[in-house]
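Quick notes on the structure that follows.
Residue numbers (full-length UniProt numbering): 1 to 515.
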């Protein structure tokens, strides 16, 4: 048996599915090739492992707070699965010894198995809980993060860390294959470091930042937790909190943390570094964990039964609306999710008023507007938005476009605009996906013509894949779809899947369909 055939693809598939929850590129069909390969054609994975060349990717610019940009990439499904499988196989020597105060994208502390990660929602709850405990115990806190963490990780130094951790001879082929891929990905024009928004990359980043955990451990104090004696720091990837009782000691720690980051080729984000004292410690921690809001909503629903208490949630919405482009993406997601969960839509208009200036939360806002049944009122607003400078961040424009449901009454202006977007071409993968998929459902006859012309201009395999699957949905012939996909090796797995399924239309993911 070859080393490649020993990779655990089932575990890799599970990790890929975890990745797709909240993925920056929302594939309309949820990357069905992943499940098909694992269930039917594992030989394609082994064949792909025979080469470490860089296949075509699609670059997407994902907005952060204050119109910052995350330079992300979208890989073809086979490379995504291979990347996850390689890292999963060696994950135990890589991060099996990760400090327990580092949360997210890690192996469980008990019952550890390679490639089986602790669920991130559980990790987030544990992180929030421990952060709250620390904030209630200590009088001073230093919080900071790292500038462009994933994009700044030096690949050569990361490879040294990987090779020093994985010493078993049987794992060498996987290490060599992985490291060659990392080097090749780092050479992609306009991208650096390691690919963002992949579970595999997060594992590697946690490995690399474990040196930072040693510095945090050194400066932390003892803390008696319910689970025993622990230390007074907590890290969620590159978001760092260090607690103590003396401001001077934490400022000294800040200098040494900064020095340690520089040694790693990374930089502390001075704009997000704060020394908090007194009541500000608990206040800032609560802004991260939002536990008081959940308690109020849950208890209000439990006690009042018919009417929930939303005072704290409404206050959070008002703070986010006031902050606009500087509002936390995480907090926007939290607030809009709770509004949808409890069907509390009285503050939706507040978000509508500033939505153009909140690109970092566009995906969350789109779901809110959809569930609040406001999309019919927002058609002219959306067309107006597309003509303004605010829509220059095209990822946000695409996310907001998903609020218009696949099924239902959508006005002609929006339908015309999506047809025009495809006809013009030159747009990002997220915008291509929403425009092609929606038009294929709304106006299939027109979509067949527009997509056929758009394919001629689509020189990226992933754009071509989206157009082909939307074309199939609109009723394009299997001959045309085969021709469109056959031009790129990256789309071979998609074509093989369609052939295996007799070119049946691929089901849409409900969240993307929005109906």
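Cβ coordinates follow ideal geometry from the N, Cα and C atoms, glycine included.
These figures come from a predicted structure and were not determined experimentally.
With a floor of 4 residues, list each alpha helix (DSSP H) that falls wholly inside the stretch 134-186, ordered by position along the chain.
149-152, 155-165, 172-186
Quick check on residue 478: does DSSP put it in helix, strand or coil?
helix
Whole-Å CB distance - residue 101 paired with residue 233, under 8 Å assumed
6 Å
Which value, in whole angstroms, describes the spacing of the CA atoms of residue 453 and residue 484?
11 Å
For the candidate residues 404, 356, 435, whose alpha-carbon lies nearest to that of residue 63?
The shortest C-alpha separation from residue 63 is found at 356.
Within 9 Å, strictly: CB atoms of residue 330 and residue 365:
no
CB residue 207 to CB residue 109, shorter than 9 Å?
The Cβ atoms of residue 207 and residue 109 lie no closer than 9 Å to each other.
Look at residue 84 and residue 43 and say whether their C-beta atoms are less than 9 Å apart.
no
If we count the other Cβ atoms within 10 Å of its Cβ and call it buried at 16 or more, is residue 486 buried or exposed?
exposed
Inspect the CB distances between the stretch 242-255 and the stretch 103-123 and report whether three or more fall short of 8 Å.
no
Taking all protein chains shown into account, decide if residue 399 is buried (16 or more other Cβ within 10 angstroms of its Cβ) or exposed.
buried
May I ask you to list the residues that DSSP assigns as paired with residue 242?
142, 233
Assigned secondary structure, residue 356 (DSSP; H/G/I helix, E/B strand, else coil)
Annotated three-state conformation of residue 356 is helix, per DSSP.
Using DSSP's beta-bridge definition, name the partner residues of residue 60.
72
Buried or exposed by the 16-neighbour rule on C-beta atoms within 10 Å, applied to residue 347
buried
Can you check which of these residues, 449, 317, 427, is closest to residue 459 by C-alpha distance?
When each option's Cα is compared against that of residue 459, the closest is 427.
Cβ shell of residue 258 (< 6 Å), same chain only, five flanking positions each side left out
268
Taking Cβ positions, are residue 495 and residue 451 nearer each other than 9 Å?
no
Return the CA-CA distance between residue 367 and residue 402, expressed in angstroms with no decimal places.
Rounded to the nearest whole angstrom, the CA to CA distance from residue 367 to residue 402 is 8 Å.
Under a Cβ-count criterion, where at least 16 other Cβ atoms within 10 Å of its own Cβ denotes burial, should residue 255 be classed as buried or exposed?
By the 10 Å Cβ count, residue 255 comes out exposed.
Using three-state DSSP, classify residue 264 as helix, strand or coil.
coil
Where residue 102 sits in the DSSP three-state scheme
strand
Drop a sphere of 10 angstroms on the beta-carbon of residue 299, count the other beta-carbons inside from all chains shown, and report buried for 16 or more, exposed for fewer.
exposed
At which residues does the beta strand (DSSP E) containing residue 222 begin and terminate?
222-225
Does the Cβ-Cβ distance between residue 78 and residue 213 come in under 9 Å?
no
Outcome for residue 514 when other beta-carbon atoms lying within 10 angstroms are tallied against a minimum of 16:
buried
Three-state secondary structure (DSSP) of residue 49:
coil
Could you work out which residue in 66, 162, 69 is closest to residue 90 when comparing CA atoms only?
162
Best match in 67, 23, 37 for proximity to residue 391 [C-alpha to C-alpha]:
67
In angstroms with no decimal places, state the Cα-to-Cα distance between residue 455 and residue 437.
14 Å
If we require 4 or more residues per run, which alpha helix (DSSP H) segments fall completely within the stretch 397-435?
Those alpha helix (DSSP H) runs which fall completely within the stretch 397-435 and span 4+ residues are 412-424.
Using beta-carbon positions only, say whether residue 395 and residue 418 come within less than 9 Å of one another.
no
Would you check if the distance between the CB atom of residue 58 and the CB atom of residue 429 is smaller than 9 Å?
It is a contact, given that the beta carbons lie within the stated cut-off.
Going by CA-CA distance only, name the one from 5, 22, 475, 26 that's closest to residue 512.
Among 5, 22, 475, 26, the Cα nearest to that of residue 512 belongs to 26.
In terms of residues, what are the limits of the beta strand (DSSP E) holding residue 275?
274-277
What are the boundary residues of the alpha helix (DSSP H) that includes residue 80?
77-89 is the extent of the alpha helix (DSSP H) around residue 80.
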